[in-house]
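Some notes on the structure that comes next.
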Amino acid sequence: LSLGSSMFVWFFLVIGSSFFNRTVSTAMGRSVDTERRLSSQSTAASSNDVIDDENFWHNWSSRAKERRLSQHQFGDINAETTVMLRNLPECFTRARLLYLLGKEGFAGRFNFLYVPLCFREKNSLCYAFINFVDLTSLELFRDRFHGFRQWGIPGTEHVGEVCSCERHQGLSSIIQYYRNNSVMHPSVPDECKPILLSGTQRIPFPSPLKKIKMPKKLKGSDAHLDDERLMNKGALVVMLIL
């Protein structure tokens, strides 16, 4: 080859090699940038996945806690809704307590009320049994009547006391107990009997499942009255003879 041809070939190889190296370097740089970008995106995605995971478990545990609280407040079939109100004034009858409960804002919040009375004198035995429709109503009643003094009777120093009823709990247990109780005997005055309510309306008590006996106290009271009648008749006969 001539000198001119040799120089041309050499120049072409140098230029071609430089162009090739520049192209390869650019391509490798772009590849590295792409890998870095993908890596950062992948890291961010992983980070977001972790955050979402944490939020998910936080939300789930919160919902589970709310469900447990809801079940505790409203779904517990063994919840105690029956209470005993103690230290009533002696003159407090069922009608008077009904009026007071309505006045204090508890109308429609209870479905059973019983104020035991002395059959003869019709005086209160100073306590009452009440079953509430839910735990919220019961707690409101406890807050209001535990330590209650505003009976509306001048000179009364009775202080109300609210405690759980040990004999029976819940409306079903109450009905099963009282429907066959001697207090439901026809000879017992109505104001001495327990009552059921639906809202603010009185509803009939379920029929007894067996024959109800007359209360012993009522028998004793009747016997005492019979003795008094006989004595009065005897005194009248003596006066007539004299």
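Going by the numbering used here, 158 is the number at position 142 of the sequence shown; the sequence numbering is gapless.
Note that CB positions come from ideal geometry on N, CA and C, so glycine has one too.
Annotation: G118 to R160 spans about 13 Å, alpha carbon to alpha carbon.
Taken in chain order, the unbroken stretches of alpha helix (DSSP H) that lie wholly in the segment 102-176 and span 4 residues or more are 110-119 and 151-161. M100 carries a strand assignment under DSSP once its states are collapsed to helix, strand and coil. Listed in chain order, the non-local C-beta contacts of P220 below 7 Å within the same chain number zero, local neighbours out to five positions each way being set aside. DSSP links V204 through a beta bridge to no other residue.
Residue environment analysis places R110 among the buried positions, since at least 16 neighbouring C-beta atoms fall within 10 angstroms of its C-beta. Beta-carbon to beta-carbon, R165 and V175 are separated by about 6 Å, close enough to satisfy the 8 Å threshold.
When secondary structure is reduced to three states using DSSP, L187 falls in the helix class. Burial state of I169 is exposed, judged by a 10 Å Cβ sphere holding fewer than 16 other Cβ atoms. The beta-carbon distance between A144 and L101, rounded to whole angstroms, is 5 Å. This is short enough to meet the 8 Å contact definition.
Contact between the segment 151-159 and the segment 120-128 is present: 3 or more CB-CB pairs across the two stretches fall below 8 Å. DSSP places S214 in the uninterrupted beta strand (DSSP E) bounded by I211 to S214. In the DSSP assignment, C179 is bridged to M100. Remark: C-beta atoms of E96 and S180 approach each other more closely than 8 Å. T172 is the residue among G163, T172, E182 and L114 whose C-alpha sits nearest the C-alpha of E106. With contacts defined by Cβ atoms closer than 8 Å, N139 and L133 form a contacting pair. Comparing alpha carbon positions, the residue from P202, L187, K227 and K232 closest to Y130 is L187. By the C-beta density criterion, T152 is exposed, having fewer than 16 other C-beta atoms within 10 angstroms.
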